[in-house]
Every structure is written in structure tokens, then in C-alpha cells.
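These notes are about the structure you will find just below.
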Amino acid sequence: MPAQPTPHSIDTATGKEAPAEISSERVKDIFSRIARKYERFNAVSSFGAYKSWLHTMARMAPIEHADDVLDIAGGTGDVSFTMAREKRPHHIQCTDLVPEMLDVARWHVEKQGKNQGVPIDFEVVDAQDIPYPDASYDVVTMAYGIRNMPNREQALSEMFRVLRPGGSLVCLEFSTPPNALWRALYGFYLKHLIPFWGGLITGDREGFVYLSRSIKAFPDQRSFARMLEDAGFSGVTWKNCTGGIAAVHVAKKPLG
Numbered sequence: 001m002p003a004q005p006t007p008h009s010i011d012t013a014t015g016k017e018a019p020a021e022i023s024s025e026r027v028k029d030i031f032s033r034i035a036r037k038y039e040r041f042n043a044v045s046s047f048g049a050y051k052s053w054l055h056t057m058a059r060m061a062p063i064e065h066a067d068d069v070l071d072i073a074g075g076t077g078d079v080s081f082t083m084a085r086e087k088r089p090h091h092i093q094c095t096d097l098v099p100e101m102l103d104v105a106r107w108h109v110e111k112q113g114k115n116q117g118v119p120i121d122f123e124v125v126d127a128q129d130i131p132y133p134d135a136s137y138d139v140v141t142m143a144y145g146i147r148n149m150p151n152r153e154q155a156l157s158e159m160f161r162v163l164r165p166g167g168s169l170v171c172l173e174f175s176t177p178p179n180a181l182w183r184a185l186y187g188f189y190l191k192h193l194i195p196f197w198g199g200l201i202t203g204d205r206e207g208f209v210y211l212s213r214s215i216k217a218f219p220d221q222r223s224f225a226r227m228l229e230d231a232g233f234s235g236v237t238w239k240n241c242t243g244g245i246a247a248v249h250v251a252k253k254p255l256g
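In terms of full-length UniProt numbering, the sequence shown is residues 1 to 256.
Take a look at the structure:
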């Protein structure tokens with residue numbers, strides 16, 4: 001096991017050191033208010049590209065039919081439902097910090113059967129303090145979650161802890177386009193159009209000002225890979241999506 005991380009929290013909007021409560025309360029407040037319109041925002045703001053990102057995530061996820069999967073920051077269920085449809089694991093535990101997001105996910109199961117017959121349970125969980133036993137899951141999935149966690153080292157340590165030896169963490173997160181021109185265009189989009197679409201669709205422009213800042217402040221692909229390695233993971237790889245706007249990282253917990 002890697003050494004336990006020293007508690008270190010940041011303001012997720014800036015990346016600067018700050019009490020964890022600032023970011024945690026902000027995230028709960030924003031996502032509780034936009035939960036029922038969150039999926040529409042994703043579809044419109046990404047011009048539908050988020051579906052291909054989820055498909056890439058599923059292709060890269062080493063999930064077998066007998067596996068137990070823990071979905072961290074599962075929100076309205078997009079990742080859980082994608083894995084259920086494309087991988088059909090034994091069981092998925094879908095968790096999120098915000099109850100209102102999970103309420104939408106439950107509705108999708110009860111009214112639309114989006115779980116595809118795969119057992120999915122839902123629970124409110126802070127990923128920085130996961131309430132499950134050591135070595136209890138084969139795969140941990142997470143999309144757009146780690147960026148909103150003020151103590152990222154602790155969260156990654158917790159995910160490492162609950163994985164079985166040889167298990168994998170599969171993480172989809174917004175990232176940094178390597179191409180300078182594409183990066184500049186993306187920066188303009190983040191600063192001006194994300195708040196615009198967010199305000200238009202949800203009525204909460206300021207919440208999306210935060211989200212655009214949190215994306216800009218998040219480490220690039222190589223830096224996040226180093227964070228995963230520091231947490232004890234090995235064999236870290238990543239694949240860029242849409243020119244690096246987002247990236248899927250896969251990291252393994254060593255067998256030893």
C-alpha cells in the first residue's frame with residue numbers, strides 16, 4: 001500500500017490551497033440546483049460529443065461479466081448506464097455526493113430501464129471518504145468527478161484502497177488540448193460559451209462560471225497521470241478525446 005497522503009485541500013476553481021468546505025459546499029449547491037437539467041446541458045454544450053467520450057471510456061474499461069464496479073461521482077447515471085449496456089458487469093454501485101443527481105439516475109432505471117437488467121444500487125458517498133471495505137471492487141469508474149474534489153490525493157487513495165489487487169481505475173475528465181490553436185479556441189469556449197449555455201439551459205450562469213474555471217485549473221494529462229502514480233497506481237495510460245478537450249485515463253492497482 002502507498003503511504004497515506006497528507007491532508008491537502010484546494011479551491012477547485014483556482015487550484016490554490018483552501019479549506020475543503022469551500023469547494024464541497026459549492027459543488028453540492030450547484031449540482032443540487034441543476035440536477036434535472038444537467039444531461040441537457042451536457043448534450044448541448046458538447047454538441048453531442050460526450051456520448052462518444054463515454055463510448056471511449058467503456059471501450060477502455062477492463063470490465064468482465066463477473067466484476068463488481070464502483071462508479072464514483074456517478075451523477076445522473078451516464079457512466080453506470082453506459083457500462084451496463086456495453087459491458088454488462090455483475091453489479092454496479094453508483095455513488096455521488098449530491099442526492100438530487102442520484103434521484104435523476106434512479107428515475108432513469110425505474111421509468112426507462114436504462115440499467116439494461118444489470119443490478120445498480122445508488123448511494124450518497126463522498127469519494128474522499130468511501131464507506132466500503134478494502135479490496136471490494138474490480139473496477140472503479142469516474143467521469144467529471146475528480147476535478148470537483150478539494151482533496152484529490154485523499155480521493156485517489158480511497159479509490160486505490162477499495163480496488164482489488166489487479167483492479168483498474170478508469171477516469172474520464174476534461175483536460176488540456178496539446179495543440180496550441182485548439183487550446184486557445186477551447187479556452188475561449190470555456191470562458192464565454194460554457195457560462196452562456198449553462199445560463200440559458202439551467203438559469204444558473206454563475207454555477208457554470210465556476211465549472212469553466214475548474215476545468216481550466218485542472219492538471220493536464222501528464223500531471224494527472226503523475227497524481228495517479230503518486231497514489232500507488234501503475235501502468236497509467238490515457239487517450240485524448242476530441243483533440244484533448246477530454247481524456248480517459250486508465251490506471252491499475254498492482255497485484256503485489
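By construction, the Cβ of each residue, glycine as well, lies at the ideal position given by its N, Cα and C atoms.
Reference residue i; option with closest CA among the options
{"i": "residue 34", "options": "100, 128 and 85", "result": "100"}
{"i": "residue 43", "options": "124, 62, 157 and 194", "result": "194"}
{"i": "residue 65", "options": "84, 51, 76 and 89", "result": "89"}
{"i": "residue 143", "options": "76, 87, 187 and 167", "result": "76"}
{"i": "residue 229", "options": "251, 217 and 116", "result": "251"}
{"i": "residue 206", "options": "26, 16 and 14", "result": "26"}
Anticipated Cβ contact below 8 Å, residue i with residue j, distance rounded
{"i": "residue 104", "j": "residue 136", "result": "In fact, because the Cβ distance is near 26 Å, the residues do not count as touching under 8 Å."}
{"i": "residue 191", "j": "residue 212", "result": "6 Å"}
{"i": "residue 107", "j": "residue 241", "result": "Not quite, the Cβ-Cβ distance comes to about 28 Å (not below 8 Å), so this is no contact."}
Residue i and residue j closer than 8 Å at C-beta
{"i": "residue 138", "j": "residue 68", "result": "yes"}
{"i": "residue 201", "j": "residue 37", "result": "yes"}
{"i": "residue 141", "j": "residue 109", "result": "no"}
{"i": "residue 235", "j": "residue 175", "result": "no"}
{"i": "residue 133", "j": "residue 255", "result": "no"}
{"i": "residue 160", "j": "residue 47", "result": "no"}
{"i": "residue 96", "j": "residue 73", "result": "yes"}
{"i": "residue 173", "j": "residue 58", "result": "no"}
{"i": "residue 146", "j": "residue 118", "result": "no"}
{"i": "residue 18", "j": "residue 10", "result": "yes"}
{"i": "residue 177", "j": "residue 189", "result": "no"}
{"i": "residue 116", "j": "residue 84", "result": "yes"}
Helix, strand or coil at residue i according to DSSP, with G and I counted as helix
{"i": "residue 174", "result": "strand"}
{"i": "residue 111", "result": "helix"}
{"i": "residue 151", "result": "coil"}
{"i": "residue 99", "result": "helix"}
{"i": "residue 184", "result": "helix"}
{"i": "residue 46", "result": "coil"}
{"i": "residue 17", "result": "strand"}
{"i": "residue 10", "result": "strand"}
Sheet register partners of residue i (DSSP bridge)
{"i": "residue 69", "result": "92 and 139"}
{"i": "residue 122", "result": "94"}
{"i": "residue 251", "result": "169"}
{"i": "residue 163", "result": "137"}
{"i": "residue 239", "result": "248"}
{"i": "residue 214", "result": "None; residue 214 has no bridge partner."}
{"i": "residue 234", "result": "252"}
Heavy atom of the ligand FMN within 7 Å of residue i beta-carbon
{"i": "residue 245", "result": "The ligand content of the structure shown is nil, which means the ligand FMN is not present either."}
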